[in-house]
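Structure record follows, encoded as structure tokens.
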């Protein structure tokens with residue numbers, strides 16, 4: 015089941031990458047909007063950055079035991 | 065022609081009527097009818113200024129009806145209907161009353177044409193909504209409610225200060241565009257952005273919303289922050305500060321959502337994040353940005369209600385609100401309809417094409433692009449990733465699925481929530497899809513003509529790329545993203561600690577000094593008390609000390625008072641009187 019889902023995910027990613035080339039942005043405001051797979055890279059790296067930075071901030075500083083305010 | 069009345073009156077009248085009625089069915093009917101009547105009333109309200117009255121030397125305006133106020137009014141009224149359907153089963157009718165006052169006063173704010181009217185409804189909003197927190201009737205909600213209302217009253221004071229300075233300096237109470245350079249405008253902006261939950265003034269939201277009742281929280285998600293967005297749109301469009309505050313706010317909520325374990329607090333942080341888009345839109349100030357902010361407020365109210373209703377249903381059924389208490393219990397098998405409806409809201413907030421977030425959120429990003437604001441566009445884009453990561457993936461995964469650790473307890477009697485809850489979620493979910501598939505219905509009511517096509521192929525592909533890769537990254541970190549049984553420090557730490565400090569100052573320091581002084585001087589105070597009852601003993605003590613007699617003074621003052629021991633023979637008195645008269649006589653004769 016998990017393997018199947020992984021397969022579907024990989025295929026979908028491949029398809030949207032190709033679609034990025036088929037439908038380029040006709041009115042780009044910035045240079046990166048001209049890159050057909052920019053959102054693929056940004057989505058992946060952005061998500062990892064959000065998880066790692068937030069978890070680091072949380073464990074280093076923000077997260078406290080549940081009875082902290084009691 | 066139907067006679068139109070101020071919408072606020074319909075809601076207030078409904079609330080008062082519920083207070084008078086005793087029959088359950090009538091109360092339910094009124095609670096549902098009020099939004100329906102208000103909606104019909106709105107449909108018959110042409111754009112104009114209504115219901116003005118003189119107050120002192122000023123003109124109060126209860127009905128400034130234009131495109132901007134109508135967008136918000138429509139969605140507020142629709143939301144109040146959805147919220148009422150969701151809450152119709154509850155037997156504490158006080159919650160209906162509080163909700164109707166809350167919604168009514170929000171509509172009062174939306175249609176207010178002057179600052180006095182705005183302020184009055186602004187304060188009613190804060191007071192009415194706090195009851196939706198207190199009705200939870202736990203110590204945590206009582207405390208959170210007090211913090212909530214104190215913060216809002218503080219914000220109200222700042223707003224009032226700004227209004228007074230504004231009226232004194234300009235002589236006008238009209239609620240229009242403010243010149244951001246003035247002192248008055250800065251105070252007013254402070255009051256507004258506090259209600260919009262702009263960090264660092266946001267902690268009341270993530271503190272109070274998860275503490276509210278299940279049904280009350282659904283109302284709260286819609287009105288306070290979005291009415292603040294409305295007043296910002298009305299009075300501070302194009303203020304550069306708001307662009308940055310909005311973009312930072314969009315990311316701020318995302319970071320906290322990663323850390324959160326409480327399912328409704330996670331969603332509350334995403335309200336902050338989403339309102340960040342709107343505040344940013346206000347700051348950008350172009351026609352497209354203002355359209356985007358209004359449209360996003362409209363869509364946000366609908367999908368956020370679905371999300372809060374979904375999580376409310378989970379809490380209603382299981383009695384649990386921590387992800388760590390829910391994950392790995394296979395709830396998806398027992399509440400599939402709730403899951404599907406929740407996912408509609410989750411796809412909407414994540415701006416999946418064909419759901420309403422896609423037609424509104426992307427408009428603000430496009431406005432940032434048109435205005436050549438690269439960093440803002442990238443920040444908002446990054447926040448979109450976080451939104452899908454938490455609301456669309458982490459939360460449903462943690463609540464309905466979740467990795468099994470083997471020590472999960474069984475949650476008994478889990479089934480779908482009552483029909484009215486599902487119906488309310490269904491209506492809101494339908495509207496999310498409807499406005500997503502057919503955005504014209506929303507674009508037509510926006511303040512400015514819309515020249516934006518969300519469904520350009522490259523937009524759709526780009527968004528799917530972004531979301532799919534977010535899913536891929538989530539898959540990698542799936543075991544890291546489960547709930548952790550912690551609370552996160554936020555800016556409420558400052559006023560919680562300040563409150564604690566005040567308590568320490570009064571209780572420990574001042575009270576300590578008092579009890580210290582009392583403790584060390586108490587025996588002296590008692591002695592003085594006893595001496596004052598019998599002052600002769602003081603004389604006796606003085607005589608004793610002059611004579612050098614060593615007698616314990618406690619023995620003297622503890623001696624019971626006996627009047628006879630101080631009496632002297634009457635002859636001595638008479639003799640003294642005669643002597644006195646003798647000298648007086650001599651003095652009289654001499655002087656004469």
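Residue numbers (our numbering), protein chains in the order written: chain A, 15 to 84; chain B, 65 to 656. Positions of the beta carbon are idealized from the N, C-alpha and C atoms, including for glycine. If you're wondering where the values come from, they're calculated on a predicted model, not measured in any experiment.
Bounding residues of the alpha helix (DSSP H) (the contiguous stretch that carries residue i)
i: residue 402 (chain B); result: 400-413
i: residue 122 (chain B); result: Looking at the DSSP string, residue 122 (chain B) is not in any alpha helix (DSSP H); the run it does join, the beta strand (DSSP E), is 122-129.
i: residue 525 (chain B); result: 521-540
i: residue 654 (chain B); result: 634-655
i: residue 426 (chain B); result: 420-434
i: residue 15 (chain B); result: For residue 15 (chain B) there is no data in the structure shown, the boundaries of chain B being 65 and 656.
i: residue 272 (chain B); result: 267-272
Per-residue DSSP class, three states only, for residue i
i: residue 549 (chain B); result: coil
i: residue 244 (chain B); result: coil
i: residue 159 (chain B); result: helix
i: residue 386 (chain B); result: strand
i: residue 119 (chain B); result: strand
i: residue 668 (chain B); result: Chain B is shown from 65 up to 656; residue 668 (chain B) falls before or after that span and cannot be answered.
i: residue 122 (chain A); result: Residue 122 (chain A) lies beyond the residue range present for chain A, which begins at 15 and ends at 84; the question has no answer from this structure.
i: residue 114 (chain B); result: strand
i: residue 594 (chain B); result: helix
i: residue 78 (chain A); result: strand
i: residue 554 (chain B); result: coil
i: residue 543 (chain B); result: coil
i: residue 276 (chain B); result: coil
i: residue 207 (chain B); result: helix
i: residue 261 (chain B); result: coil
i: residue 238 (chain B); result: strand
Chain A within 8 Å of residue i, Cβ atoms only
i: residue 286 (chain B); result: no
i: residue 538 (chain B); result: yes
i: residue 428 (chain B); result: no
i: residue 541 (chain B); result: yes
i: residue 385 (chain B); result: no
i: residue 319 (chain B); result: yes
i: residue 440 (chain B); result: no
i: residue 215 (chain B); result: no
i: residue 306 (chain B); result: no
i: residue 397 (chain B); result: no
i: residue 290 (chain B); result: no
i: residue 544 (chain B); result: yes
i: residue 548 (chain B); result: yes
i: residue 322 (chain B); result: yes
i: residue 391 (chain B); result: no
i: residue 423 (chain B); result: no
i: residue 551 (chain B); result: yes
Beta carbon proximity, residue i to chain B, threshold 8 Å
i: residue 15 (chain A); result: no
i: residue 27 (chain A); result: yes
i: residue 87 (chain A); result: A question about residue 87 (chain A) goes unanswered here, because the residues of chain A that appear run from 15 up to 84.
i: residue 48 (chain A); result: no
i: residue 21 (chain A); result: no
i: residue 18 (chain A); result: no
Check: residue i C-beta below 7 Å from any heavy atom of the ligand GTP
i: residue 475 (chain B); result: The model on display carries no ligand, and the ligand GTP is accordingly not part of it.
Span of the beta strand (DSSP E), counted from its first residue to its last, around residue i
i: residue 602 (chain B); result: That residue, residue 602 (chain B), is in no beta strand (DSSP E); its alpha helix (DSSP H) goes 600-611.
i: residue 15 (chain A); result: Run containing residue 15 (chain A): none; DSSP gives neither H nor E here.
i: residue 109 (chain B); result: No beta strand (DSSP E) contains residue 109 (chain B), which DSSP labels as neither H nor E.
i: residue 614 (chain B); result: Neither: residue 614 (chain B) is in no beta strand (DSSP E) and is coded neither H nor E.
i: residue 201 (chain B); result: Element bounds for residue 201 (chain B): n/a, residue is neither H nor E.
Original post:
Residues in the segment 524-536 of chain B with C-beta within 9 Å of chain A's C-beta atoms, listed in sequence order?
Top reply: 524, 525, 526, 527, 528, 529, 530, 531, 532, 533, 534, 535 and 536
**OP:** Can you check the segment 291-340 of chain B for any alpha helix (DSSP H) of at least 4 residues that lies completely inside it and give the ranges in chain order?
**Re:** Along the segment 291-340 of chain B, the alpha helix (DSSP H) occurs as fully enclosed runs of 4 or more residues at 304-323, listed in sequence order.
Original post:
Just by C-beta distance, which residues in the segment 557-582 of chain B are closer than 8 Å to chain A?
Top reply: 560
Original post:
Residues in the segment 50-72 of chain A with C-beta within 9 Å of chain B's C-beta atoms, listed in sequence order?
Top reply: 50, 51, 52, 53, 54, 55, 56, 57, 58, 59, 60, 61, 62, 63, 64, 65, 66, 67, 68, 69, 71 and 72
Original post:
Counting only runs that start and end within the segment 451-496 of chain B, where is the alpha helix (DSSP H) found for 4 or more residues in a row?
Top reply: Here the runs fully enclosed are 459-464.
Original post:
Which residues, taken in chain order from the segment 247-272 of chain B, show a beta carbon closer than 8 Å to some beta carbon of chain A?
Top reply: none
Original post:
Going along the segment 88-109 of chain B in order, which residues come within less than 9 Å of chain A, judged by CB to CB distance?
Top reply: Using a CB distance below 9 Å, no part of the segment 88-109 of chain B faces chain A.
Subject >> Interfacial residues, the segment 447-463 of chain B to chain A, with Cβ spacing under 8 Å >> reply: 449, 450 and 453
**OP:** Give, in chain order, every residue of the segment 512-523 of chain B whose Cβ lies closer than 7 Å to some Cβ of chain A.
**Re:** Here the close residues are 521 and 522.
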